[in-house]
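J.: Each protein sequence line maps, in turn, to chains A and B.
Be aware that the first sequence starts at 0, since it is given in numbering that gives the first Met the number 0, and climbs by one per residue.
Be aware that the second sequence starts at 0, since it is given in numbering that gives the first Met the number 0, and climbs by one per residue.
The beta-carbon is built from N, C-alpha and C at its ideal position, and this holds for glycine as well.
Here it is: the structure, laid out below.
2 protein chains.
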Amino acid sequence: MTQLPPITQKFVSHFGEMGSRWGINRTVGQIYALIFVSEKPLNADDIADALEFSRSNVSIGLKELQSWRLVKLKHLAGDRREYFEAPQDVWEIFKSLAEEKRRREVEPTLSMLRASIIETPANDADAHAQKRIQQMHELIDLSSTWFDDVARLSPETIARLMRMGSSVKTVLDMTDKLKIVRRKNKT
Amino acid sequence: MTQLPPITQKFVSHFGEMGSRWGINRTVGQIYALIFVSEKPLNADDIADALEFSRSNVSIGLKELQSWRLVKLKHLAGDRREYFEAPQDVWEIFKSLAEEKRRREVEPTLSMLRASIIETPANDADAHAQKRIQQMHELIDLSSTWFDDVARLSPETIARLMRMGSSVKTVLDMTDKLKIVRRKNKT
DNA sequence: TTCAATTTTCAGTAATTCGTGAACTTACAA
DNA sequence: TTGTAAGTTCACGAATTACTGAAAATTGAA
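What follows is the structure, encoded as structure tokens:
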């Protein structure tokens, strides 16, 4: 097949190298990178060809990427083969990824933490362990609920919030004052 | 060694099992869990003993945990051995972890994305790839900068922000209105 | 210094994960 | 139906990662 152009090439191999750190493997990382930058949907042979992976490996990689909702299956008119593309909106991608991560990596832990909290500690050591577990639960629960809430806002609102950076504090303080004023006026 | 009490036991083995999903290995996960719930700092032998790992494995695991800033080295008076404990404040833990993750998993990618953006595309395919890369860069850059900013706020402020959930939007809208009013008054 | 306690390194092995080709299944056009 | 293109599964070898015990290095008390 024809060599990938230089920018694409570098992007793809970076995703391969980082794969292990992200918790996906080299080939899955490269397949995703290739689909992400591609203008048109790709089929399994395109990918196997471009990346020089075995057809079976590509098949498994695509299944994996679908399970993470990182690629969408698409059918092209008059073509029996399955084509894949990445969602266009990067914020959408980010959300799917976060949701999937939560489902797989956070929820099971939250359940376990919850279960531990309602148990009766057998001794002092376990009583202390339970306190620590409770603290961990509160933090994880709060942040994951919060992420959920925020993800529901429009991309524009989120971008606005993010661009505010640490000055959200000022806004928060301001609303507090407004509440106090309102309370005073009421009486 | 004496068996771990039940709550601790379950917590520790859960961390071992989840390890692979988190990108750490079973033993490192269990070592951390044990230190996290322990009331007193632990030394390497305590850990090797409690978890039935080899001494060398514990040594490597502790190095790994230190590099993630998840455990702190502590010396006890009149004892030559090295003791380890987890920071008490869970929010502090969360921040260290996020910072370390950013340094290892996000920064290298951001550099690569930046480099790709300033290159001159060789053909149409690469020009499109570059556009996509730019979009990815904007999102990652914005969210990581934002996280940095927010992390600098006090835990209380952050908790306040989080408990607001999606109603931050109301506050954001409100400040916008205030700004408009102020601008009108100025003229 | 010396020596013993403690920690680290390292080579070898065990376990796990990855990637391939071949066989198998599925779906559709003729 | 039948035949073929497309997709999946699977068993196996390759590569990587995890873990151990033994040896080496380091530390600090005497």
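(1) Work out the CA separation of S37 of chain A and T31 of chain A for me, nearest whole Å.
(2) Any chance you could list the beta strand (DSSP E) runs of at least 3 consecutive residues sitting entirely within the stretch 35-73 of chain A, in chain order?
(3) Would you say the beta carbon of S110 of chain B is closer than 8 Å to some non-hydrogen atom of the ligand FAD?
(4) Look at the Cβ atom of A128 of chain B, then the Cβ atom of F83 of chain A, and state whether they are nearer than 9 Å.
(5) With 9 Å set as the bound, which would you pick, yes or no: does the beta-carbon of N122 of chain A sit closer than that to a beta-carbon of chain B?
(6) Hey, out of A:S153, A:D147 and A:N42, whose CA is closest to M163 of chain B's CA?
(7) Cβ closer than 8 Å: which chain A residues qualify as neighbours of W67 of chain B?
(8) Quick one: does L64 of chain B have its CB under 9 Å from some CB of chain A?
(9) Can we say the stretch 72-86 of chain A touches the stretch 99-110 of chain A, given the rule of at least three CB pairs closer than 8 Å?
(10) Which one or two residues does DSSP pair with R82 of chain B in a beta bridge?
(11) Determine whether the beta carbon atoms of F14 of chain A and Q2 of chain A lie at a separation below 9 Å.
(12) Helix, strand or coil for D88 of chain B per DSSP?
(13) Sorted by chain position, which residues of the same chain lie with C-beta nearer than 8 Å to S95 of chain B's C-beta, five sequence neighbours on each side aside?
(14) Quick check: what's the CA-CA separation for R20 of chain A versus K176 of chain B?
(15) Would you grab the beta carbon distance between L152 of chain A and S165 of chain B for me? Rounded to a whole angstrom, and I think it's under 8 Å.
(16) In the DSSP assignment, find the unbroken alpha helix (DSSP H) run with E155 of chain B in it and report its ends.
(17) Kindly say whether S165 of chain B, judged by its beta-carbon, lies nearer than 9 Å to any beta-carbon of chain A.
(18) Buried or exposed, going by whether 16 or more other CB atoms sit within 10 Å of the CB of D172 of chain A?
(19) Mind reading off the beta-carbon distance from L138 of chain B to F93 of chain A? Whole number of angstroms is fine, and I expect it under 8 Å.
(20) Need the endpoints of the alpha helix (DSSP H) that I6 of chain B sits in, please.
(21) Taking Cβ positions only, does V36 of chain A come closer than 9 Å to chain B?
(22) Assuming E137 of chain A is part of the alpha helix (DSSP H), what are its boundary residues?
(23) Would you kindly work out how many angstroms separate the C-alpha atoms of S58 of chain A and Q133 of chain A, rounded to a whole number?
(24) Of the choices B:G60, B:E104 and B:I157, whose alpha-carbon is the least far from that of W90 of chain B?
(25) Look up T119 of chain A in the DSSP assignment and say whether it is helix, strand or coil.
(26) Helix, strand or coil: how does DSSP classify Q2 of chain A here?
(27) Checking contacts by CB at 9 Å: is S55 of chain B closer than that to chain A?
(28) Return no unless some Cβ of chain A is closer than 9 Å to the Cβ of I6 of chain B.
(29) Assuming V105 of chain A contacts G60 of chain A under a Cβ cut-off of 8 Å, what Cβ separation, rounded to an integer in Å, is found between them?
(30) Counting only beta-carbon atoms, is R79 of chain B nearer than 9 Å to chain A?
(31) I'd like to check one pair, T7 of chain A with I33 of chain A: are the Cβ atoms closer than 9 Å?
(32) Tell me, please, whether the CB atom of Q134 of chain A is closer than 9 Å to any CB atom in chain B?
(33) Please report the straight-line C-alpha distance between M0 of chain B and N122 of chain A, rounded to a whole angstrom.
T.: On the basis of the data shown:
(1) According to the sequence shown, residue 31 of chain A is Tyr rather than Thr. Using only the alpha carbons, I get a separation of about 10 Å.
(2) none
(3) The model depicted lacks the ligand FAD and carries no ligand whatsoever.
(4) no
(5) Closer than 9 Å: yes.
(6) A:D147
(7) The contacting residues do not exist; W67 of chain B stays about 13 Å from chain A at best.
(8) no
(9) no
(10) Inspection of the sequence shows that residue 82 of chain B is occupied by Tyr rather than by Arg. Answer is B:N42 and B:K73.
(11) The answer is no: Cβ separation not under 9 Å.
(12) Three-state DSSP puts D88 of chain B in coil, outside helix and strand.
(13) W67, R68, L69 and P86
(14) 44 Å
(15) 6 Å
(16) P154 to M163
(17) yes
(18) exposed
(19) 6 Å
(20) P5 to W21
(21) The beta carbon of V36 of chain A falls within 9 Å of a beta carbon belonging to chain B, placing the residue at that interface.
(22) D123 to A150
(23) C-alpha separation (whole angstroms): 43 Å.
(24) B:I157
(25) coil
(26) coil
(27) Taking Cβ atoms only, chain A never reaches closer than 9 Å to S55 of chain B, which makes this a no.
(28) Yes, I6 of chain B counts as interfacial toward chain A.
(29) Not quite, the Cβ-Cβ distance comes to about 24 Å (not below 8 Å), so this is no contact.
(30) no
(31) It is Leu, not Ile, that sits at residue 33 of chain A in the sequence shown. Going by C-beta atoms, L33 of chain A is nearer than 9 Å to T7 of chain A.
(32) So yes, Q134 of chain A belongs to the interface.
(33) Residue placement at M0 of chain B cannot be trusted, given a pLDDT of 48 that sits under 50; the coordinates are not used to answer.
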